[in-house]
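K.L.:
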Amino acid sequence: MSLRIAEIFGPTIQGEGPLIGEPTVFVRAGGCDYRCLWCDSLHAVESRYRHEWLPMEADAIMERIEALSGGRPLLVSISGGNPAIQDFGPLIALGRQKGYRFACETQGTIAPLWFADLDMLVLSPKPPSSGMETDWSAFEACIAAKGAVPAAMKIVIFDEADLAFARLAAERYPDLPLFLQPGNGETDPAIPVDLDALAGRLSWLVAQTVGKGWLRPRILPQLHVIVWGNQRGV
Ligand SMILES: C[S@@+](CC[C@H](N)C(=O)[O-])C[C@H]1O[C@@H](n2cnc3c(N)ncnc32)[C@H](O)[C@@H]1O
Ligand SMILES: Nc1nc2[nH]cc(C(=O)O)c2c(=O)[nH]1
Ligand code: SF4
Ligand SMILES: [Mg+2]
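In full-length UniProt numbering, the protein residues as written are 1 to 234.
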């Protein structure tokens, strides 16, 4: 079975969440069951970009990963779109044999069996600002599917309603490491990022969490946005 792949790029650094800073190659799946109002990866979501998604077999994807990494095993980050729509099991099996490790980013709406073959599952339930509704039973199916694989929850925060959502999610899942990242409201690759505005959103988020005595979440920027702005493929 071939997979619909929007892009494969790297090595770069993982810019978000629990593995931030780690060298990685990204495999971005095409197609998503959500349409977040502020999605920064619409080229892997909207069907008007479908013609750019390549059908690729697992061995061809692995070949590309090996070429990009010079054959030196590293972390492969599977993102999208929602990669959980497709079967990444064969790719993970192939990569593992060669010493590669696999992390996956997903919103937690679909729970494939291959979650249990990962090294890290990053679950990113969507707050009210996204315009999406979270189905917690589907989210829990993802946690069940991953089995003993380490997982973390990463929530994008634009406003106070998002913070309230994050608080509830945190209470629901006391054992999941929690990461909050400020939402990026300007995702057009053609427009340079405003680093001062980004720092402002980060300091607001720290003030609203740590500053108010909420010490559980780790607060992180999107490192790749600081370094490369909204460029694709970084
Ligand atoms: C593009 S999504 C792809 C994976 C999966 N669909 C998901 O949402 O988790 C990867 C990560 O980027 C985050 N993200 C998307 N748009 C963003 C934005 N405008 N600002 C900050 N984070 C964003 C998502 O919340 C998610 O954690
Ligand atoms: N460097 C880098 N780090 C990332 N972390 C999550 C990303 C994503 O779009 O899933 C992403 C991305 O696109 N680039
Ligand atoms: S779930 Fe992820 S990829 Fe899909 S629209 Fe939302 S942020 Fe974009
Ligand atoms: Mg991204």
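Glycine included, each C-beta is placed from N, C-alpha and C at the ideal position.
Using CA coordinates, which residue listed in W38, A138 and G185 is at the minimum distance from G200?
P.N.:
G185
K.L.:
By Cβ distance below 6 angstroms, which residues in the same chain neighbour D117 in space, the five residues on each side in sequence not counted?
P.N.:
I92
K.L.:
Please output, in chain order, the residues near ligand 4 using a CB cut-off of less than 6 angstroms to any non-hydrogen atom of the ligand.
P.N.:
D40 and S41
K.L.:
Less than 8 angstroms between the C-beta atoms of L176 and P217, yes or no?
P.N.:
no
K.L.:
With three or more C-beta pairs closer than 8 angstroms as the rule, is the stretch 47–67 touching the stretch 104–113?
P.N.:
no
K.L.:
Between M120, P18, I5 and E22, which has its C-alpha nearest T12's C-alpha?
P.N.:
E22
K.L.:
Compute the minimum distance between the beta carbon of Q231 and the heavy atoms of ligand 2, and state whether it is under 7 angstroms.
P.N.:
no
K.L.:
Per DSSP, what kind of secondary structure is P125 in: helix, strand or coil?
P.N.:
Of the three classes helix, strand and coil, the one that applies to P125 here is coil, per DSSP.
K.L.:
Which stretch, first to last residue, makes up the alpha helix (DSSP H) that contains L168?
P.N.:
E160 to R172
K.L.:
Look at the Cβ atom of G89, then the Cβ atom of G31, and state whether they are nearer than 8 angstroms.
P.N.:
no
K.L.:
Where do the N-terminal and C-terminal ends of the beta strand (DSSP E) with residue 238 fall, by residue?
P.N.:
Nothing about residue 238 can be reported from this structure: the residues present for the chain run from 1 to 234 only.
K.L.:
Let me know the secondary structure DSSP gives M56 once reduced to three states.
P.N.:
DSSP places M56 in strand when its eight states are reduced to three.
K.L.:
D33 and I85 - do their beta-carbons sit closer together than 8 angstroms?
P.N.:
yes
K.L.:
Between R10 and L68, how many whole angstroms is the CB-CB distance? I'm expecting something under 8 angstroms.
P.N.:
Checking the sequence, you will find Gly at residue 10 rather than Arg. Correct: roughly 5 angstroms between the Cβ atoms.
K.L.:
Strictly by DSSP, which residues pair up with A93?
P.N.:
Bridge pairing for A93: absent [DSSP].
K.L.:
Look at the alpha carbon of V156 and the alpha carbon of L198, and state the distance between them as a whole number of angstroms.
P.N.:
13 angstroms
K.L.:
Check whether the Cβ of S130 sits closer than 7 angstroms to any heavy atom of ligand 2, and report yes or no.
P.N.:
no
K.L.:
Judging by CA-CA distance, which residue of P83, Y100 and D196 is the nearest neighbour of G71?
P.N.:
Ranking the options by Cα distance to G71, first place goes to Y100.
K.L.:
Looking at the structure shown, is G80 part of a helix, part of a strand, or coil, going by DSSP?
P.N.:
Residue state for G80 is assigned as coil, using DSSP reduced to three classes.
K.L.:
Please classify H51 as buried or exposed, where buried requires at least 16 neighbouring CB atoms within 10 angstroms.
P.N.:
exposed
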